[in-house]
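**Student:** Supplied in structure tokens, the structure appears directly below.
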Amino acid sequence: MIRVLLVDDQPLIRSGFRALLDLEDDIEVVAEASDGEQGVALAAEHLPDVALIDIQMPVVDGIEATRRIAADPALADVHVVMLTNYGMDEYVFEALRAGAAGFLVKDIVPEDLLHAVRVAARGDALLAPSITRKLIHRYVAQPLPTATGAALAELTGREREAVALAAQGLTNDQIADTMVISPMTAKTHINRAMTKLHARDRAQLVVIAYESGLVAPRNG
296 MIRVLLVDDQ PLIRSGFRAL LDLEDDIEVV AEASDGEQGV ALAAEHLPDV ALIDIQMPVV
356 DGIEATRRIA ADPALADVHV VMLTNYGMDE YVFEALRAGA AGFLVKDIVP EDLLHAVRVA
416 ARGDALLAPS ITRKLIHRYV AQPLPTATGA ALAELTGRER EAVALAAQGL TNDQIADTMV
476 ISPMTAKTHI NRAMTKLHAR DRAQLVVIAY ESGLVAPRNG
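In this text, residue positions in the sequence shown follow this note's numbering: the first is 296, and each later residue adds one.
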């Protein structure tokens, strides 16, 4: 059973999402919150697998709530998915930096919402390649932090290759096909890279890959 926490200041959004999610046999909404502060408290109380958190809320916004969840070791298994009204919301990249596993636009079709919750629960990133390229092209212009550069140097050649492919939006199976290795080996490369780079999840690994120059941004 996938346990979900809904955090949004709009009751209509919460009730709509809850009605849809509760229809699924493998998904359960365990709690709802109307602001980020309450959301963090409920995350600690219920330990959901997935927290759907709105970016813009009163009291504590979604980015700060995500940052607090990501900073708490007890909440390491809570996968945060940010909710936004716009596909290119100016706060999306900051949300990924804060520790979000990805983001969804609120007018998402029901099938995609259900798929997204299941993907997030597995610990995978919700970053379509086209969205990733746009985000990186628009927001990544900062020099590589020294700490990240040193960690990147610790990756093996195969780990760097796997990370670069992940940053292009490839799944573990696709990485395995490209590198001519087994899916398990591909997953191992990614997991080891996440550990060495101190990435909370695959989404942060993608961010690091672009920031470090391991993968070059593309236009469009």
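Note that beta-carbon positions come from the ideal geometry of N, C-alpha and C, so glycine has one too.
#1: In chain order, what residues of the same chain have a beta carbon less than 8 Å from the beta carbon of Gln437, not counting five sequence neighbours either side?
#2: By a C-beta neighbour count over all protein chains shown, 10 Å radius and 16 as the cutoff for buried, is Leu273 buried or exposed?
#3: Which residues in the same chain have their Cβ closer than 6 Å to the Cβ of Asp303, if we skip the five residues on either side of it in sequence?
#4: Run through DSSP, which three-state label would Glu327 get?
#5: In whole angstroms, what separates the C-alpha of Gly357 from that of Ala366?
#6: Among Ala390, Ser329 and Ala371, whose alpha-carbon lies nearest the alpha-carbon of Asp344?
#7: Are the Cβ atoms of Ala498 and Gly397 separated by less than 8 Å?
#8: Would you mind listing the alpha helix (DSSP H) stretches within the region 365–424 that are 4+ residues and don't spill past its ends, in chain order?
#9: Determine the extent of the alpha helix (DSSP H) in which Val501 is found, giving its start and end residues.
#10: I'd like the list of long-range same chain contacts for Leu337, defined as Cβ closer than 7 Å, with 5 residues on each side in sequence excluded.
#11: Kindly indicate which three-state DSSP category Ser485 falls into: helix, strand or coil?
#12: Go through its chain and collect everything with a Cβ distance to Ser425's Cβ below 6 Å, but skip five positions before and after it.
#13: From the DSSP output, in three-state form, read off Ala339 for me.
#14: Here's a check: name, in chain order, each residue in its chain whose Cβ is nearer than 8 Å to the Cβ of Ala448, leaving out the five neighbours to either side.
#15: So what does Arg298 bridge to, in DSSP terms?
#16: Can you list, in chain order, the residues of its chain whose CB lies under 7 Å from that of Ala393, leaving out five sequence neighbours each side?
#17: If we ignore side chains and look at the alpha-carbon of each, how far apart do Gly334 and Ala346 end up?
#18: Since Ala242 is in the beta strand (DSSP E), which residue starts that stretch and which ends it?
#19: What's the gap between the Cα of Val354 and the Cα of Arg313?
#20: Around the C-beta of His410, are 16 or more other C-beta atoms found within 10 angstroms, so that it is buried, or is it exposed?
**Tutor:** In terms of the structure at hand:
#1: Its pLDDT being 48, under 50, Gln437 is placed unreliably in this model, and the coordinates cannot settle the point.
#2: The structure shown has nothing for residue 273, since the chain only spans 296 to 515.
#3: Arg309 and Asp349
#4: Here Glu327 carries a strand assignment [DSSP, helix/strand/coil].
#5: Straight-line spacing of the CA atoms in Gly357 and Ala366 works out to 14 Å.
#6: Ala371
#7: Going by C-beta atoms, Ala498 is nearer than 8 Å to Gly397.
#8: 387–393 and 405–416
#9: Element bounds for Val501: Arg497 to Glu506.
#10: Closer than 7 Å at Cβ, skipping near neighbours: Leu300, Ala326 and Ala328.
#11: Looking at the sequence shown, residue 485 is not Ser but Ile. In this structure, Ile485 counts as helix in the three-state DSSP scheme.
#12: Note that Ser425 scores 49 on pLDDT, short of 50, meaning its location in the model is unreliable; the coordinates nonetheless yield the value given after this. Here the set comprises nothing.
#13: helix
#14: Its chain contains no residue whose beta carbon lies nearer than 8 Å to that of Ala448 once the 5 sequence neighbours on both sides are disregarded.
#15: Note: Arg298 sits in a beta bridge opposite Glu323.
#16: Ile358, Thr361, Arg362 and Ala365
#17: 9 Å
#18: It is not possible to answer for residue 242, since the shown part of the chain is limited to 296 through 515.
#19: 23 Å
#20: The residue is exposed, with fewer than 16 neighbouring Cβ atoms inside 10 Å.
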